[in-house]
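Engineer: If you read the sequence shown in the numbering used here, its first letter stands for residue 179, the second for the next number, and so on.
To start, I am sharing the structure in question, which I have written as C-alpha cells.
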Amino acid sequence: MIEIDARLDELEQLGLGRRTRLVSGPQGPRVVLDGKPALLLSSNNYLGLADHPAVREAAADAAMRWGVGAGGSRLASGTMTIHRRLEERLAAFQRRQAALLFGSGYLASLGVIGALARRGDVVFSDELNHPSVVDGCRLSHADVFVYRHGDVEHLEWGLSEAEGRGSLIVTDGVFAGDGALAPLPELVELAHRYDVRLVVDEAHGTGVLGPGGRGAVADAGVEDGVDVIVGTLGKALGAYGAYVACDARMAKYLLHASRSLIYSTAPPPPAVAGALAALSLLEAQPRRVDKLQANALLLRTELARQGFDVAASTMPIVPLDFGAAEDAQRVCEKALERGVFGQAIRPPAVAAGTSRLRLAVMASHSKSELRDAARALAAAVRAAGLRPEELVPVELDEDEFAPTLAVAPPLAVEADPLRSPLWDEGDDELWVERRRPAAAARASAAATGRGGRPFDAELDEPRGPGDQLPAGIFDAESGGSFERAVA
Ligand SMILES: Cc1ncc(COP(=O)(O)O)c(C=O)c1O
C-alpha cells in the first residue's frame, strides 16, 4: 500500500511538491492569481477566446436554452442538437467527412487509440507525446514502440522490426512541452509505406497554426495522409471538450468502439456552444492566428534580447529550460513577485533531472506586456541566482532585482472582468474587445453573421432521419464485447 504521508514528504523534499493556484475571474491576459494581479503567461487560451464576450454570451445563452448538463453519454440520450451542429462545423473546418465530440482531449486520445489498436498490435508513439496519448497506448493493451522524439529513422527501424504487427503511429502535431512540430510529411510517408494508420493530436495545433488555424496537419499540407485528427476545444477554442475529425466510416467505427465516448457523459451544452462561437470567430477573423504568431515571435525575440536561448519560431509555447526542478520553481516564484506567471514544469511531466518554465503566449497579450514580461523574466532568473544566457548558478547581486513589470491596476477579487479597469493600448482593431467589450461583442456578432443572439431556432428542430444516431447498440454488456468483436 502507498504510504501517502511519506510519499508527499518525499515529493516535497525532491522539490516536486505541487499545489493549485487560484485564478479569480476568467482566463484573460491579466488575472488575479492567489489574490495578486499577474500577467498570465501560462494559459492555453491562445486566441483569447475563453474570455471573449461573444463566446461567453453564447455559453450563457446555451445554458438557458439547453441546460447545463448533457445528462448521458453520446450513445444514450446525450447527443443534443448543439453537439451535432458543432460536429458538422468542425468537420467542415477540418475539411473532413465527419467529426465526433468527446468529453475532453484526454478522453479522445484514450478512445481513439483504444479503438484502433488491440493486444498483439504495435503502436508507435513519439517519446514526448502527451500523457493522454501515453495512457491511450497503455489502455489499448498493444505493444508500444516509443521512438526517439521526432526521429523518423528510429521510427522506421521500429516499423521494420514489427513484422506486420504495426497498427498505428501516433504523435502530437505541436508538442505541448516546447512547441516543436512533428515531422508530419515523413510520418505520413512511413505510415503509407508500412501500411499503418496515422493519428495526430492537434491539441496545440487547432487555432494556432496552418491555413485558417486548421493545425499542424493542414500547415504541412498532409491532410490526405492522416487518418484521424484529435483536437481539443479547451485550448485555442476557449471552451472544454474535444473532437476527432476523420472520414465517415472511421467516425462510425469510433462510435462503436471508443470506450471513452460510449461510457462517459457528453460535453455540456454551454461548453459546446462556447466552442461553436469561438469557431465562428476563428473562421470570421483568421487574423487572430496571425496575431498569436506575431506575439509568439515578439516574446521570443524579446527573451533573446535578454540573453535567453530561445528559437526564433512563431509557436506560442516558449520553454525556458533548467536542470534542477528547484531552479524552475524558484524562477517561477521570482517572476510572480514581478507580476508574471509562467508555470514551472517539473518531473514527472518532464524527464527526471530536467525542468522548465513553460511560457504560453496569447493573441490578446499586448506588445508592451510581452516586452515587459521578457525583462521581468530575466530579472527573475538573476534573482534566482542564474543567468539567462546559461541558466546556471551565479553570484547574487541584490541591485538587479527591482521589479520590472509595471504592475496592473488591482482588480477586485472575483470582479466582473467586463467591467474591470482596462489596461493597455490595443494593437489593432481586433483587440477592441479588451478595451470595450460591449462594442467587441457587437462587432463579432456582425462578423460571424449572428444578430445578437448566438443561436437560431432552426437548431432545435429535427433535421430528418440522418439526424439520428444509430440506436440500441450499446448497453453495459454488449458495448464491451462488441468492440472486441469488431477489433
Ligand atoms: C498534446 C495534448 N493532448 C491532449 C491534451 C488533453 O486535452 P484536454 O485538456 O482537452 O483533456 C493536452 C492538454 O494539455 C495536450 O497538451
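Using N, Cα and C, we set each Cβ at its ideal position, and we do this for glycine too.
(1) Could you tell me if the beta carbon of GLY399 falls within a distance shorter than 6 Å of some heavy atom in ligand 1?
(2) Which residue marks the beginning of the alpha helix (DSSP H) containing PRO231, and which one marks its end?
(3) So, at 8 Å on beta carbons, what are the nonlocal neighbours of GLU265 in its own chain, with the 5 sequence-adjacent residues on each side left out?
(4) According to DSSP, which residues form a beta bridge with GLY409?
(5) Where does ASP402 fall in DSSP's three states?
(6) Considering ASP379, what are the terminal residues of the alpha helix (DSSP H) in which it resides?
(7) Is any heavy atom of ligand 1 found at a distance shorter than 6 Å from the C-beta of GLY520?
(8) Distance, Cα to Cα, ALA293 vs VAL300?
(9) Assuming ALA241 contacts ALA444 (C-beta within less than 8 Å), just tell me the rounded distance between them.
(10) Using alpha carbons as the reference points, say which of VAL348, ALA538 and PHE323 lies closest to HIS308.
(11) Within the continuous beta strand (DSSP E) that includes ALA224, where are the two ends?
(12) By DSSP, does GLN521 sit in helix, in strand, or in coil?
(13) On the DSSP letters alone, give me the boundaries of the alpha helix (DSSP H) that PRO447 sits inside.
(14) Would you tell me roughly how many angstroms separate the C-alpha atoms of SER491 and SER546, rounded to the nearest one?
(15) Curious, which full-length beta strand (DSSP E) runs of at least 3 residues does the segment 189 to 225 contain?
(16) For GLU511, is the classification buried or exposed, using 16 other Cβ atoms within 10 angstroms of its Cβ as the cut-off for buried?
(17) Excluding the five sequence neighbours on either side, which residues of its own chain have a C-beta within less than 8 Å of the C-beta of ARG478, listed in chain order?
(18) How about GLY344 and LEU337: are their beta carbons less than 7 Å apart?
(19) List the DSSP bridge partners of ALA276.
(20) Under 6 Å: does the beta carbon of SER436 sit that close to some heavy atom of ligand 1?
(21) Three-state secondary structure (DSSP) at TYR284?
(22) How many angstroms separate the CA atom of PRO215 from the CA atom of GLY517?
(23) How is TYR325 classed by DSSP in three states: helix, strand or coil?
(24) Compare the Cα-Cα distances from ALA557 to each of ARG524, GLY501, SER533 and ARG483 and report the closest residue.
(25) Using a Cβ-based criterion (distance less than 6 Å to any ligand heavy atom), does GLY412 qualify as near ligand 1?
(26) Does ligand 1 have a heavy atom nearer than 6 Å to the CB of ASP304?
(27) Rounded to whole angstroms, how far is the Cβ of ALA538 from the Cβ of SER221, which I believe are closer than 8 Å?
(28) Can you tell me whether DSSP reads SER491 as helix, strand or coil?
(29) Is GLY393 near ligand 1, with its Cβ less than 6 Å from a heavy atom?
(30) Any idea if SER255 is buried or exposed, counting beta-carbon neighbours within 10 angstroms, 16 or more meaning buried?
(31) DSSP three-state label for ASP499, please.
(32) Give a yes or no on contact between the segment 283 to 297 and the segment 419 to 438, applying the rule of three or more CB pairs nearer than 8 Å.
(33) If you measure between the beta carbons of LEU535 and ALA522, is that distance less than 7 Å?
Structural biologist: Answer, in terms of the structure:
(1) no
(2) Counted as a single uninterrupted DSSP element, the alpha helix (DSSP H) harbouring PRO231 occupies residues 231 to 244.
(3) ALA276, ALA277, LEU278, LEU279 and TYR421
(4) By DSSP's assignment, GLY409 forms a beta bridge with TYR421.
(5) ASP402: helix per DSSP, three-state reduction.
(6) Not the alpha helix (DSSP H): ASP379 falls in the beta strand (DSSP E), residues 375 to 379.
(7) no
(8) 13 Å
(9) ALA241 to ALA444, Cβ: 15 Å. No contact.
(10) VAL348
(11) Reading off the sequence shown, one finds Tyr at residue 224, where the question assumed Ala. Segment: none, TYR224 is in no beta strand (DSSP E) and carries neither H nor E.
(12) strand
(13) Going by DSSP, PRO447 is part of the alpha helix (DSSP H) stretching over 447 to 462.
(14) 19 Å
(15) If we require 3 residues or more, the beta strand (DSSP E) runs fully inside the segment 189 to 225 come out as 208 to 211 and 214 to 218.
(16) exposed
(17) VAL488, ALA489, ALA490, SER491 and VAL496
(18) yes
(19) CYS424
(20) It does not: the Cβ of SER436 is nowhere closer than 6 Å to a heavy atom of ligand 1.
(21) helix
(22) 7 Å
(23) strand
(24) Checking every option, the nearest Cα to that of ALA557 belongs to ARG483.
(25) yes
(26) No.
(27) 6 Å
(28) Note: SER491 maps to coil in three-state DSSP.
(29) no
(30) Counting the other CB atoms within 10 Å of its CB gives SER255 a total below 16, which places it among the exposed residues.
(31) strand
(32) yes
(33) In contact: LEU535 and ALA522 (Cβ atoms closer than 7 Å).
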